[in-house]
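Counting along the sequence shown from 1, when you hit position 194 you're at 208 in full-length UniProt numbering, and nothing is skipped either side.
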Amino acid sequence: PGTLFIVSTPIGNLEDLSARARRTLSEVDLVACEDTRRTRALLTHLGIQKPLVSYHKDSPRKREEDILGALLAGKHVALVSDAGTPLLQDPGGELVRRALAEGIRVVPVPGPSAALAAWVASGFAGGPFLFYGFLPRRKGERRKVLADLRDFPYPIIFYEAPHRLRATLADLLDVFGDRPASLARELTKVHEEILRGSLEELVRWAEAADVRGEITLVVAGAEEATSREEGLQPSSEERLAEALA
Ligand code: SAM
């Protein structure tokens, strides 16, 4: 069979597309993507012409079978999402599982992801973390998830839509209590902005601002929150320095 390549594409800045991603996209037989118009624009920018097949969260199961069929017939397929790394809160999980079950080789072509970009610049990075992604939209469910995450000792990464940011920050402050957090907006784009402060400060900022664009939140873990307050436990960076000494 052919190979399924999981190809990361830029989250804003086109210069972030890797040389290998470009070569892979130019060499495969088929590109499976969320929004064919968007991916067509990217490929045109790269001077690449390829057959595209749309594969998104509402795609019929038959679409997955078509892609698996192409792979089993020996075709090489690249899976891309609208932005960043496929499967990170984007489609592909089921396709990869089914491809592996069929004995198809799955190869990552790593690159940009908003989660990792926000995390490395947050000020809480260097140790373990949890990538949560989007919280439930319903307030009750969201607060329940947050209650379950409250005592998690390491930083947590959330994706959020601008129009839900205020509600989410308010619930975070309410359920987690005040603790350090970082808000990354429009990463790698012209209006990139990274705010670092306490949840309370971010709530106040979001109340005053006309919040737009794509947002990733990184919230300090329970351990960091306590150690900053009490100055008792070493931060994850200090632990890392110790481990490297
Ligand atoms: N697969 C993508 C990745 O690798 O980051 C994420 C896809 S997810 C459907 C879209 C969410 O990612 C947005 O709602 C936002 O929370 C986050 N995001 C995407 N691009 C971003 C950017 N340039 N800056 C900040 N957050 C971003």
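We put the CB at the ideal spot given by N, CA and C, even for glycine.
Please read all numbers here as calculations on a predicted model, not as lab measurements.
Nearest-angstrom Cα separation, counted from residue j out to residue i
i	j	result
Asp43	Gly191	51 Å
Leu101	Gly125	13 Å
Glu238	Pro167	7 Å
Leu57	Arg34	14 Å
Arg52	Arg164	38 Å
Ile229	Trp133	12 Å
Gly140	Ala87	43 Å
Arg89	Ile81	Note on identity: in this sequence residue 89 is Lys, with Arg being the wrong assignment. Lys89 and Ile81: Cα-Cα distance of roughly 9 Å.
residue 260	Lys64	Nothing can be reported for residue 260, as the shown portion of the chain is limited to 15 through 259.
Gly227	Ser32	24 Å
Ala222	Arg75	44 Å
Leu135	Ala113	Per the sequence presented here, residue 135 reads as Ala, with Leu not at that position. If you take the alpha carbons of Ala135 and Ala113, they lie about 35 Å apart.
Glu116	Asp96	26 Å
Thr202	Arg210	17 Å
Ala84	Ile208	42 Å
Pro169	Lys153	22 Å
Leu137	Arg111	The sequence as given places Gly at residue 137; Leu does not occur at that position. About 34 Å.
Ala195	Gly107	29 Å
Val204	Val121	32 Å
Glu206	His177	18 Å
Limits of the beta strand (DSSP E) - the one that residue i falls within
i	result
Leu231	229 to 233
Leu209	207 to 212
Gly147	144 to 148
Ala46	44 to 47
Val121	119 to 123
Val21	17 to 21
Leu179	Here Leu179 belongs to no beta strand (DSSP E); instead the alpha helix (DSSP H) covers 179 to 190.
Leu163	Segment 153 to 163 is the alpha helix (DSSP H) holding Leu163; no beta strand (DSSP E) there.
When the options are compared against residue i, the one with the closest alpha-carbon
i	options	result
Val232	Val110, Pro142, Leu93, Gln63	Pro142
Leu130	Ala161, Pro74, Asp224, Leu197	Leu197
Ala92	Arg36, Gly235, Glu29	Arg36
Gly235	Gly154, Leu144, Leu114	Leu144
Val224	Ala175, Gly83, Arg210	Residue 224 is actually Asp in this sequence, not Val. Out of Ala175, Gly83, Arg210, Ala175 has the C-alpha closest to the C-alpha of Asp224.
Arg199	Ser212, Val94, Arg193, Leu179	Leu179
Arg193	Leu213, Lys153, Glu207	Leu213
Val94	Arg210, Gly117, Ser127, Gly211	Ser127
His59	Leu85, Leu28, Gly154, Gly83	Leu28
For residue i, the first and last residue of its enclosing alpha helix (DSSP H)
i	result
Ile81	75 to 86
Ala113	107 to 115
Arg199	It is not in any alpha helix (DSSP H) - Arg199 instead sits in the beta strand (DSSP E) that spans 194 to 199.
Ser40	33 to 41
Thr58	50 to 60
Ala92	Not the alpha helix (DSSP H): Ala92 falls in the beta strand (DSSP E), residues 91 to 93.
Val134	128 to 134
Spatial neighbours of residue i in its chain, beta-carbon cut-off 6 Å, leaving aside the 5 residues before and after
i	result
Gly147	Gln103, Tyr173
Ile62	Leu39, Ser40
Leu109	Glu78
Val123	Phe19, Val21, Arg34, Ala35, Thr38
Arg119	Thr17
Ile171	Ala129, Trp133, Phe145, Val232
Other residues of its chain near residue i: CB distance less than 7 Å, five sequence neighbours each side excluded
i	result
Pro150	Arg156, Val159
Leu66	Val45, Cys47, Thr50, Thr53, Arg54
Asp30	Pro24, Gly125, Pro126, Thr202
Proximal residues to residue i (C-beta, below 8 Å), its chain only, five neighbours per side dropped
i	result
Ala161	Val189
Contact between the region 177 to 190 and the region 214 to 233: three or more CB pairs below 8 Å?
Enough Cβ pairs lie closer than 8 Å, so yes.
Could you tell me whether the region 18 to 28 touches the region 65 to 78, using the rule of 3 or more Cβ pairs below 8 Å?
The region 18 to 28, when compared against the region 65 to 78, does not touch it at the 8 Å Cβ threshold.
At a cut of 8 Å, does the region 95 to 112 reach the region 48 to 66 through at least three beta carbon pairs?
yes
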